[in-house]
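Here the sequence shown stands for residues 21 to 268, numbered as in my numbering.
Glycine included, each C-beta is placed from N, C-alpha and C at the ideal position.
Worksheet: one structure, shown below.
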Amino acid sequence: MIVLILGGTQEAAELAKEAVNLPNIEVKVSLAGRTSQAIASNNSRIGGFGGVAGLTQYLKAEKIDLLIDATHPFAAKISENAAIAAEKLELPRLMLVRPQWEAVKDDEWIEVETIQAAAGILPSLAERVFLTIGRQELTAFAQIENIWFLMRAIEKPSPHIILPKGLLLLDRGPFDRDLEKQLLHKYNIDTVVSKNSGGNATYAKIIAARELGIKVIMVKRPILPQGECVEDVEAALKWVRGLVIGNW
Ligand SMILES: NC(=O)c1ccc[n+]([C@@H]2O[C@H](COP(=O)([O-])OP(=O)(O)OC[C@H]3O[C@@H](n4cnc5c(N)ncnc54)[C@H](OP(=O)(O)O)[C@@H]3O)[C@@H](O)[C@H]2O)c1
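The following block contains the structure:
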């Protein structure tokens, strides 16, 4: 059986590595190609499919039997496309989504639905902001005056993205709690803006904010399509095994 993993996350990479060891399974991985580190291996492809029609066509052409959507929790479009295409072709589809972060004692979170909502409320409550939402949506904050932004992204935003006023740091997780605290302190940050991505690699900034009494504007996740969903790689492997055995 051929399984297509829609990737771009640490979990997707781990799943792909493990799944190749399953008997009677061929693994293919698809990456959006958002970072230049996304290097094609012999079982991977890079770049968009061309919407639902392109994905449907690909699934048919490559004779995919199982689809695992292990994309980032904020990559809502590809997840929706995967759900529609899989339903059309009656393909079994699983979503692998890491658990979201939950606020704990001493966290001072203000939860908002969207990046735009985060940009909307900032002027009333912040002066110096640590903006850690990746690079694609920085423009939403570009018109805000009277706030200084410390931004962090893995790679430089493309030239057409208008940046807010401030400083851009290029860095990739996992991040360390003490270094995050030093960063917040050094730049005199009063508010952190983050997506609720979940996972350990970028959680240090949330702990650092908690320990320094800094508030966090937390952008909630988009709603997932309906369907079977697991939270870790082991459960995803179990799902694949179950379907392979069911077909023998
Ligand atoms: N995608 C990632 O790897 C990734 C990683 C980390 C964080 N994020 C976060 O997720 C949010 C949205 O990101 P996004 O624009 O990448 O997602 P998206 O809005 O769900 O996807 C936009 C388009 O990118 C293509 N695409 C996305 N994932 C793909 C994959 N695994 N294989 C092939 N094509 C793929 C699809 O193009 P077609 O319609 O042409 O098929 C899709 O319609 C951002 O906030 C970003 O920070 C994404």
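Residue span of the alpha helix (DSSP H) that contains residue i, given as start and end
i	result
LEU203	197-206
GLU31	30-39
ARG65	Here ARG65 belongs to no alpha helix (DSSP H); instead the beta strand (DSSP E) covers 64-66.
ARG230	224-232
LEU75	71-81
C-alpha distance - residue i paired with residue j, whole-angstrom precision
i	j	result
LYS201	LEU232	7 Å
ASN63	ILE181	32 Å
GLY140	ILE164	9 Å
ILE237	ALA160	14 Å
Helix, strand or coil at residue i [DSSP, three-state]
i	result
ALA102	helix
THR55	coil
PHE169	strand
ILE209	coil
VAL253	helix
LYS215	strand
PHE161	helix
LEU142	helix
VAL117	coil
ILE135	helix
LEU109	helix
Check whether residue i and residue j have beta carbons under 9 Å apart
i	j	result
GLY27	SER50	yes
LEU111	ASP85	yes
PRO179	PHE169	no
VAL253	LEU75	no
ALA173	LEU158	yes
PRO177	LEU187	no
ILE98	ALA52	yes
LEU257	LEU87	no
Start and end residues, beta strand (DSSP E) containing residue i
i	result
GLU131	129-132
LYS235	235-239
ARG148	148-152
Does the count of Cβ pairs from the region 219-238 and the region 192-210 closer than 8 Å reach three? Output reads yes: the region 192-210 touches the region 219-238.
Tell me whether the region 102-113 and the region 204-213 touch, counting them as touching only if at least three CB pairs, one residue from each stretch, are closer than 8 Å. no
Does the pairing of the region 241-255 with the region 112-120 give three or more beta-carbon distances under 8 Å? yes
How do the region 147-162 and the region 124-133 stand: do at least 3 beta-carbon pairs fall below 8 Å, yes or no? no
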